[in-house]
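Engineer:
Residue numbers (the working numbering): 1276 to 1510.
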């Protein structure tokens, strides 16, 4: 169904990292710093990131819930051990400490401001901790009305628990929301299960659609969401 055939949302929810914030670029920089300390290890940045992502996503789904700082640290340690690299506490701090400083994509702040001026309420729903994301939200020109984290919900995406927590916290239902995201693996999987409307920001990073889900709209950058909303008659 085209978005213009549906009602105007009250809230817009956003994934943070990769959608608003330059996650891939920041992660590559942090991993490059970690590997530089290893000398000639024979491991490249992409290899360590791939193994780290696998461990991190697995750890996020285990119970009981653990903080993202713990999950990210253990994911890095497990990845480095798997690749035969000695992991140090300072490496974990390089990774987790860099996240708050990761900047927004160039078009993000102006687009968020335009959406807010158009009367939408803006909320981030993110697989992170409150203290980590605070530094990123501070870079968004006070456009964000609410931040929901995995720490608050006690669950990580793609679990519906974090989205249902977000709906309860704002007193709305899924039909009052359009979710805007860059991660098929996490956000599209939740949209498929819950049935909320979803726009994919496809920044050409190699992420591909799930075989059994198609988002309601696909755009290359966040500012193109404004065109989708104009077409839908929402702004």
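We put the CB at the ideal spot given by N, CA and C, even for glycine.
#1: Apart from the five residues on each side of it in sequence, which residues of its chain come closer than 7 Å, Cβ to Cβ, to residue 1465?
#2: Suppose you measure from the CA of residue 1373 to the CA of residue 1468; what does that come to, to the nearest Å?
#3: Which whole-angstrom value is the C-beta distance of residue 1502 and residue 1386, which I expect to be below 8 Å?
#4: Tell whether a beta-carbon distance below 7 Å holds between residue 1278 and residue 1462.
#5: Tell me the start and end of each unbroken beta strand (DSSP E) in the segment 1283 to 1356 that is at least 3 residues and wholly inside, in chain order.
#6: So the candidates are 1447, 1496, 1429; which of them puts its Cα closest to the Cα of residue 1338?
#7: To the nearest angstrom, how far is the alpha carbon of residue 1300 from that of residue 1483?
#8: DSSP state of residue 1403, grouped into three classes?
#9: Quick check on this structure: which residue in 1426, 1309, 1400 has the alpha carbon closest to the alpha carbon of residue 1369?
#10: To which residues of the same chain is residue 1330 closer than 6 Å at the C-beta, ignoring the five residues directly before and after it?
#11: Using only alpha-carbon positions, find the residue among 1459, 1282, 1489, 1424 that is nearest to residue 1480.
#12: Which residues in the same chain have their Cβ closer than 8 Å to the Cβ of residue 1320, if we skip the five residues on either side of it in sequence?
#13: Expressed to the nearest angstrom, what Euclidean distance is found between the alpha-carbon atoms of residue 1425 and residue 1506?
#14: What residue does the alpha helix (DSSP H) around residue 1437 start on, and which one ends it?
#15: Distance check for residue 1348 and residue 1444, CA to CA, integer angstroms please.
Structural biologist: Quick look at the numbers:
#1: Excluding sequence neighbours, residue 1465 sits near 1432, 1433, 1435, 1438.
#2: Their backbone Cα atoms lie some 32 Å apart in a straight line.
#3: Contact between residue 1502 and residue 1386 does not hold, since their C-beta atoms are separated by about 11 Å, which reaches or exceeds 8 Å.
#4: When the beta-carbon positions are compared, residue 1278 and residue 1462 stay at least 7 Å from each other.
#5: Listed in chain order, they are 1286 to 1289.
#6: Ranking 1447, 1496, 1429 by Cα distance to residue 1338 puts 1429 first.
#7: For residue 1300 and residue 1483, the distance between alpha carbons rounds to 18 Å.
#8: Correct three-state label for residue 1403: coil.
#9: When each option's Cα is compared against that of residue 1369, the closest is 1309.
#10: Taken in chain order, the residues that qualify are 1350, 1353, 1354.
#11: The candidate whose alpha carbon is nearest that of residue 1480 is 1459.
#12: The beta carbon of residue 1320 sits closer than 8 Å to those of 1303, 1306, 1307, 1310, all from its chain and outside the five residues before and after it, given in chain order.
#13: Spanning the two alpha carbons is a distance of roughly 33 Å.
#14: If you look at residue 1437, you'll find it in the alpha helix (DSSP H) that goes 1435 to 1445.
#15: For residue 1444 and residue 1348, the distance between alpha carbons rounds to 29 Å.
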